[in-house]
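The numbering of the sequence shown is the working numbering, which starts it at 123 and goes up by one. Structure first, then comments.
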Amino acid sequence: MGVIRRLADTARVAVEARRQRRVPFLPPEEIERLQRARLGRIIRHAWDTVPFWRAAMEERGLGPEDLATVADLDRLPLIEGQTVRRRFEEFRSSAVPDGRTMALKSSGSSRGVPRFVRWDTRSQLLKLAYAERDRPVLTQLAGQAWGQRQLWIFPEVSTSLAMRRWWDGRVVMPRGFAHRERMAPDLPYDEWVDRLGRSRPIVVYSYGSVAERFFRWLSASGRSTWLPRAWVYGGDGMSPDWRARAEERGCRILSAYQSVEGGRIGFECERRDGFHLNVDLCAVRIVDADGRGVPPGVVGEVVVSSLLNLATVLLNLRTGDRAALETEPCPCGRTLPRLSRLEGRTWETIRRRDGGEISSTDLLIALKGEVEFALQFQIVHPEPGRIVWRLVPARSDVREEVRRLEARTLEVLGPGGSTAVDLVDDIPPDPSGKWRLVVVP
Numbered sequence: 123m124g125v126i127r128r129l130a131d132t133a134r135v136a137v138e139a140r141r142q143r144r145v146p147f148l149p150p151e152e153i154e155r156l157q158r159a160r161l162g163r164i165i166r167h168a169w170d171t172v173p174f175w176r177a178a179m180e181e182r183g184l185g186p187e188d189l190a191t192v193a194d195l196d197r198l199p200l201i202e203g204q205t206v207r208r209r210f211e212e213f214r215s216s217a218v219p220d221g222r223t224m225a226l227k228s229s230g231s232s233r234g235v236p237r238f239v240r241w242d243t244r245s246q247l248l249k250l251a252y253a254e255r256d257r258p259v260l261t262q263l264a265g266q267a268w269g270q271r272q273l274w275i276f277p278e279v280s281t282s283l284a285m286r287r288w289w290d291g292r293v294v295m296p297r298g299f300a301h302r303e304r305m306a307p308d309l310p311y312d313e314w315v316d317r318l319g320r321s322r323p324i325v326v327y328s329y330g331s332v333a334e335r336f337f338r339w340l341s342a343s344g345r346s347t348w349l350p351r352a353w354v355y356g357g358d359g360m361s362p363d364w365r366a367r368a369e370e371r372g373c374r375i376l377s378a379y380q381s382v383e384g385g386r387i388g389f390e391c392e393r394r395d396g397f398h399l400n401v402d403l404c405a406v407r408i409v410d411a412d413g414r415g416v417p418p419g420v421v422g423e424v425v426v427s428s429l430l431n432l433a434t435v436l437l438n439l440r441t442g443d444r445a446a447l448e449t450e451p452c453p454c455g456r457t458l459p460r461l462s463r464l465e466g467r468t469w470e471t472i473r474r475r476d477g478g479e480i481s482s483t484d485l486l487i488a489l490k491g492e493v494e495f496a497l498q499f500q501i502v503h504p505e506p507g508r509i510v511w512r513l514v515p516a517r518s519d520v521r522e523e524v525r526r527l528e529a530r531t532l533e534v535l536g537p538g539g540s541t542a543v544d545l546v547d548d549i550p551p552d553p554s555g556k557w558r559l560v561v562v563p
């Protein structure tokens, strides 16, 4: 890319970044105005250039003028990732050729999402500016704004690294802004300890499952190591229990809520008790199993609509994530609405024989302390009422711990439940580099 183009892109990001720093603190009516403006543009764009949405509106007798607020999106169909995968070209805008897009590979965390989602290059570039909304949080937790030593623990093929490299090729960052290194997540943990000690990062980035497994290993093995001031995770979850344990070691944990499909959906503030939602960039609704909206405070499935991406227009996309909208404003002073902690994914729900359900998060809370003897674990849920624990034990004789885990699991599953424990040498990650907590064959 030419120097002039890079400088122009850099200037565009810098100007927009200055605007974005104040957005989280704007009056709610101003944020709603921004949301309506972006919604109006994306709806008109979808009507003019995206076959799927033009057909969906015509079938319902709707025009762009009928969809003025996010609440009006319930007049359009909810879409599954599987639908987008099968009919991907129908969601592509005819006004944005492939040469003006970046193809981002989805890890498949959302249910049935397409393998790739194309973002128009302007929106992809401006994500850097939108990051200014939450960068002050990391600066405060890390105690350092410039010259951060960062360690990125992602597989080579990860979307996070692909986006970082794309941005580095488009924007001229000030010298010394950050010093980044990468480490593969599948290295032996002894090598993690050595690398952390040598590079002494101030901030570490990884998937949530990668972070939790490492802290579990530290606890079970009794090892100690250099830990960063802040560990930032996204892509999948980290249990509240292990977040707390990591913080007890002096490592502050921070999460981002984002996806290939929705972009920068939300972020945690300094209090770290929920996600402030960038509702003017990605609209969020919470629905029940039948797709009906639920009131604030009620847990349901998160549905997102990107108001930015002009290349692949995804509205009303069911993510599979379970959460609730908070009812009280955050004491931090930010006015963006908040999402409660994510409570697992819809397909990670454990089903009992009697028809009852328990989320994977609540299951682990109920069994707190019963899997401490495992370096790694995974829950296999082949049928209602049955759980098979796949465990990597921390020592050779764990018979008593296994008996206790089986007994407590049966209590949680209730009448007709069954369980078993499968001791293994290793639990490999999936192709995306994440470890699935619950596997449903």
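Glycine included, every Cβ here is placed at the ideal spot set by N, Cα and C. Every value quoted in this text rests on a predicted model; they were computed, and no experiment measured them.
Please find out if some non-hydrogen atom of the ligand ZN comes closer than 7 Å to the beta-carbon of residue i.
i, result
"His167", "Judged by which ligands are present, the structure shown has none, so any question about the ligand ZN falls away."
Tell me which same chain residues have a C-beta within less than 6 Å of the C-beta of residue i, skipping the five on either side of it?
i, result
"Ala139", "Ala251 and Glu254"
"Ser216", "Thr171"
"Ser482", "Gly466, Glu470, Leu559 and Val560"
"Arg304", "Trp274"
"Leu486", "Ser361"
"Ala368", "Phe337 and Ile375"
"Tyr311", "Trp339"
Tell me which same chain residues have a C-beta within less than 8 Å of the C-beta of residue i, skipping the five on either side of it?
i, result
"His247", "The displayed chain sequence assigns Leu, not His, to residue 247. Asp131, Arg134, Val135, Trp289, Arg292 and Val293, listed in sequence order."
"Phe147", "Gly455, Arg456 and Thr457"
"Gly185", "Trp169 and Met179"
"Thr347", "Trp314, Val315, Leu318, Gly319 and Leu340"
"Gly298", "Trp268 and Gly269"
Between residue i and residue j, what straight-line distance do the alpha-carbon atoms span, to the nearest angstrom?
i, j, result
"Glu390", "Val259", "8 Å"
"Ala193", "Val416", "12 Å"
"Trp169", "Glu187", "11 Å"
"Trp511", "Arg474", "16 Å"
"Ile126", "Ala366", "47 Å"
"Lys556", "Gln142", "31 Å"
"Pro506", "Glu533", "15 Å"
"Gly183", "Arg166", "15 Å"
"Glu392", "Leu399", "15 Å"
"Leu283", "Gly538", "46 Å"
"Leu318", "Arg163", "46 Å"
"Val543", "Val524", "7 Å"
"Val137", "Arg128", "14 Å"
"Thr531", "Leu436", "40 Å"
"Thr261", "Ser518", "43 Å"
"Pro277", "Gln498", "19 Å"
"Gly124", "Met295", "15 Å"
"Trp241", "Ala529", "49 Å"
"Ala411", "Glu423", "7 Å"
"Arg158", "Leu461", "20 Å"
"Leu527", "Leu489", "8 Å"
"Thr468", "Gln266", "38 Å"
"Val239", "Ser280", "14 Å"
"Val406", "Val425", "6 Å"
"Ile408", "Arg414", "8 Å"
For residue i, list the residues DSSP reports as bridge partners.
i, result
"Pro515", "Ala496"
"Thr541", "Ile509"
"Val520", "According to DSSP, Val520 bridges with nothing at all."
"Gln380", "Arg386"
"Glu423", "Val409 and Arg444"
Please classify residue i: is it buried, with 16 or more other beta-carbons within 10 angstroms of its beta-carbon, or exposed?
i, result
"Ile472", "buried"
"Asp548", "exposed"
"Ser343", "exposed"
"Arg144", "exposed"
"Pro149", "exposed"
"Pro515", "buried"
"His301", "exposed"
"Asp308", "exposed"
"Gly357", "buried"
"Glu152", "exposed"
"Ala496", "buried"
So the candidates are the options; which of them puts its Cα closest to the Cα of residue i?
i, options, result
"Ser228", "Thr261, Arg244 and Met285", "Met285"
"Glu479", "Ser462, Phe495, Leu436 and Ile509", "Ile509"
"Arg394", "Arg209, Ala378 and Arg386", "Ala378"
"Cys585", "Pro199, Arg521 and Phe397", "The first residue shown for the chain is 123 and the last is 563, placing residue 585 beyond what the model contains."
"Glu522", "Arg335, Glu494 and Phe499", "Glu494"
"Gly536", "Asp476, Asp410, Glu492 and Leu436", "Asp476"
"Asp363", "Gly388, Gly384, Arg386 and Ala333", "Ala333"
"Thr191", "Leu489, Leu156 and Val206", "Leu156"
"Leu513", "Gln500, Leu189 and Leu461", "Gln500"
"Val502", "Glu492, Arg440 and Ser540", "Ser540"
"Asp256", "Pro550, Gln380, Val406 and Glu212", "Gln380"
"Trp175", "Glu212, Arg414, Gly384 and Val401", "Glu212"
Report all residues from its chain with a CB closer than 7 Å to the CB of residue i; omit the five preceding and five following residues, and keep chain order.
i, result
"Ser245", "Leu430, Asn431 and Leu432"
"Ala264", "Gln270, Ile324, Val325, Arg351 and Ala352"
"Ser321", "Arg271, Leu273 and Glu303"
"Val421", "Arg444, Ala445, Ala446 and Glu465"
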